[in-house]
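Using the numbering used here, you'd call the opening residue of the sequence shown number 17 and step up by one each time. Each remark here refers to the structure printed beneath this line.
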Amino acid sequence: MAEFHQSPTSLCCCRKSLLDSGDRHIRESNRPSVGPGPGSPHRLLVDVASASNFRCFQLRHFHLDLQLNFAMKEMSGWLVLDLVPVQTGVCTLILDSHSSLLIHSIDCKVPGNGPEEPVSLTYRVDPFTDYGSSLSISLPTAAGNADGVIQITVRYTTTDGPAIWWLDSDLTCGQSRPLVFTQGHSVCNRSFFPCFDTPAVKSTYTATVRVPEGVTVLMSASRSSYSKQDRRFQFSMEFPVPSYLVALVAGELQHVDVGPRSRVWAEPCLLSCAVKKLGGSVERWLAAAEDLFGPYLWGRCDIVFLPPSFPIVAMENPCLTFIIASILESSEFLLIDVVHEIAHGWFGNAVTNATWEEMWLSEGLATYAQRRITTEACGEAFTCLETAVRLDALHRQLRLLGDNNPVSKLQVKFEPGVNPSTLMNLFTYEKGFCFVSYLSELCGDVRRFDRFLRDYISEFRFRSVVAQDLIDYFLRSFPDLKDAAVAQRKGLEFERWLSGCGPPLFEPDLSAGAALIGPVQQLCDLWRNGEPPDCQTLKNFNLSAWSTFQVVLFLDRMLDQSPLPLDVMTSLSSCYSSLFDGLNAEVQIRWLQMVVRSAFYPDLPRVRAFLQKHTSRMYTVPLYEDLVAGVMKCVAVEIFYQTQRRLHPNLRRTLQQILFQTGSALTNQNSPSLDPVPSFPPSSPPQQTPAAMATTTAANGTAAAIAMLDVNVSA
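What follows is the structure, given as structure tokens:
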């Protein structure tokens, strides 16, 4: 997913609702043996989110040949898998699939098995979970004893499963042509094509995609070509990737090169704005990342901006990052999201968590890398301010969930059948970041730790790892720390970091950001005294000169105090509401949540205008949740009926659940993504139960992580 972007409502990766309470999804039993990984050849990798028998085969390569039918909203074609059995006598191939995917036929070619004609195979589809099914394929006897590659071809049709989002033209930014995109994080791509849908399996792939005239296709691939005569796009990914990082978008898209290895793609009406916002920054951020962590391995670093229906903020698809167009309103949030997705080029894409129970290995490391990059590119004070906003959100979530909630673990052991995406939360990002920061602190020199991360990427690139691989390599790299038994340091034991509940055991020093964070806290203190401060005192704080993150931090901390007294809200509105009207949506939504939670009716027209303008999940869901939780449900219903035709069907269903089945809106979704960037969720309204507040907080993630949880709403 990507990194995440945290807005009051968003999550790489990046940056993608939490869950009701989390504990019913998680087992307290000892972790099963995992592996195989460097230094741990005897461990058996278990992925309860996959129905496949991926340990029985080596996937060398796969090819997709698809035709897109926008009128029928379906993709049809075939998948070819090049497999090598790693166990003799295997008679069944089991792939992850989905009920939205219709299998037409399956055949097989076995090397040295007589004529080249493929052999037709029998198969069956069995239930697995509510986010997928298992496709069991009976193999010929010769396949189980084959010395070389066996080739399986699956002909199928897929429509609007969790991974595939069809947008009618009126739901696009330009409103001239329809558009389709896929979002695979974390277990959605089994509805795109049958696969080993586990991050433990990586392979190269190629694809051929046929489309109507006037449609441009992009994929997360290192090479592409186009045949105008038969309207056929061809793609090749020469580096091994897990299934969730295979992504496609097709529609009216144009591009502008913004660097020697980067270009911006968007609908024509968005392109100039996107290019202006990014300028030459992508190459500058890439260069900073390479100085820290070694060469960028993927060749291309392109970015495509997608309409507001994109269910997360950003997703780190290799060579082609997906980002929601709504984030263009906020330059600082855009910076964080793009840098986070760039960081995933090393952490998450090159070296991947082998199971979703250790998602922090991608997101925590990518968040640390993102902040190292922004420190080099934007200064330490800026990075400390952004970190303060995110850590505030983490502690806010802890207050809602409780320190003993097992969802706050880094190594989360979840029950079979639970969608891994529902456990993607701020702990994955921020507690993971704090643990990585602690490892850096142990080194005593941040540059020394930079070199370690560079070596870590070199050692494990294009592989999938577990946490023990990282820890073992860390201790081997720093024998002095191993001799000092830092892994068992009392109160900071590595095992306690990974399997313990509650807040981070260490947080980095943010004093370098005091000049930016201090005035925010001083202003909050003035407004928290129970009565409005005098105007003369307020003149010392010029919010119009503040950065977006300073304003966001101020509003988040004031949201923690909501509902506020009428006289305080009246004074706040008089001082700031016109200023907020001219700022980006990340600021506006926080102010409007204060308006709703405090039932401040004079500013209600601003809420109405905001929801009539914004149709993005990350901005609509938090406001509707607050409207329903308070005394403004009738207003919410009225606005919904006025705007529902401009909402994506998945979002429309989510809002209908919020409005008419309060309490089940988000917990019943098969949410994934993100990668996508989590957002800084504001505090939840006091009227809600802790479980409902946890759900609201997760839905509020604009970054890749929290927003990602809403990806599977289509199921």
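Cβ atoms here follow ideal geometry from the backbone N, Cα and C, with glycine treated the same way. These numbers come from a predicted model, not from an experiment.
Selection from the options that minimises the alpha carbon distance to residue i
i: L351; options: R544, T564, Q250 and G200; result: T564
i: Q672; options: V637, Y617 and Q245; result: V637
i: L514; options: Y454, R171, Y139 and G418; result: Y454
i: Q245; options: C459, L75, L151 and V227; result: V227
i: R279; options: S252, L308 and F321; result: F321
i: C285; options: H271, H77 and G275; result: H271
i: L155; options: L111, G164, H114 and C107; result: C107
i: L639; options: T553, F209, D273 and R613; result: R613
i: G518; options: D63, L508 and S527; result: L508
i: R573; options: C591, V584, Q537 and E547; result: Q537
i: P495; options: E475, I340, C459 and P520; result: C459
i: P210; options: L95, E457 and E306; result: L95
Cutoff 7 Å; reference residue i; Cβ partners in own chain excluding five residues on either side
i: S185; result: Q191, S192, R193 and P194
i: E229; result: R247
i: I343; result: H21, V329, F349, L350 and D353
i: A359; result: E19, A305, A382, A385, Q386 and I389
Contacting residues, own chain, Cβ-Cβ under 6 Å from residue i (five flanking each side not counted)
i: S493; result: F468
i: A503; result: F510
i: E90; result: T173 and T175
i: T383; result: Y445 and F449
i: L308; result: R388 and D466
i: C400; result: L526, A528 and G529
i: L82; result: M91, G93 and V225
Residue i - DSSP class collapsed to helix/strand/coil
i: N666; result: helix
i: Y242; result: strand
i: G529; result: helix
i: D691; result: Residue confidence for D691 is low, a pLDDT of 36 falling below 50, so the modelled location carries little weight and cannot support an answer.
i: R149; result: This sequence places Ser at residue 149; Arg is not what is there. Of the three classes helix, strand and coil, the one that applies to S149 here is strand, per DSSP.
i: P579; result: coil
i: P258; result: coil
i: R406; result: helix
i: A216; result: coil
i: A615; result: coil
i: A503; result: helix
i: M648; result: coil
i: D63; result: coil
i: L264; result: strand
i: S136; result: strand
i: H201; result: coil
i: Q677; result: coil
i: Q191; result: coil
i: T444; result: helix
i: H6; result: Nothing about residue 6 can be read from this structure; the chain reaches only from 17 to 731.
i: Y657; result: helix
i: Y312; result: coil
N-terminal and C-terminal residue of the beta strand (DSSP E) that residue i is part of
i: P143; result: Y139 to T145
i: C211; result: No beta strand (DSSP E) holds C211; DSSP gives it neither H nor E.
i: K125; result: L117 to K125
i: W181; result: I180 to L183
i: L111; result: T108 to S113
i: V298; result: First-last for V298: S297 to F309, but that is the alpha helix (DSSP H), not the beta strand (DSSP E).
Residues bridged to residue i [DSSP beta-bridge criterion]
i: R248; result: R226 and S243
i: N85; result: E90
i: A330; result: I339
i: W281; result: H271 and V320
i: F557; result: Paired residue(s): none; F557 is not in a bridge.
i: S437; result: Paired residue(s): none; S437 is not in a bridge.
i: Q74; result: V100
i: T175; result: Bridge partners of T175: none, in fact.
i: N369; result: V481
i: S154; result: T108
i: T232; result: G267
i: Q167; result: D98 and K125
i: V196; result: W182 and A266
First and last residue of the uninterrupted alpha helix (DSSP H) at residue i
i: L377; result: W376 to C394
i: F430; result: Segment: none, F430 is in no alpha helix (DSSP H) and carries neither H nor E.
i: L486; result: A483 to S493
i: E511; result: F510 to S515
Contacting residues, own chain, Cβ-Cβ under 8 Å from residue i (five flanking each side not counted)
i: T188; result: P194, L195, G267, E268, E283 and P323
i: E345; result: N600, A601 and E602
i: L675; result: Y640, V644, K649, A652, V653 and F656
i: I110; result: A67, S68, N69, S150, L151, S152 and I153
Below-8 Å beta-carbon distance, residue i vs any chain B residue
i: L95; result: Protein chains in the displayed structure number just one, and chain B is not present.
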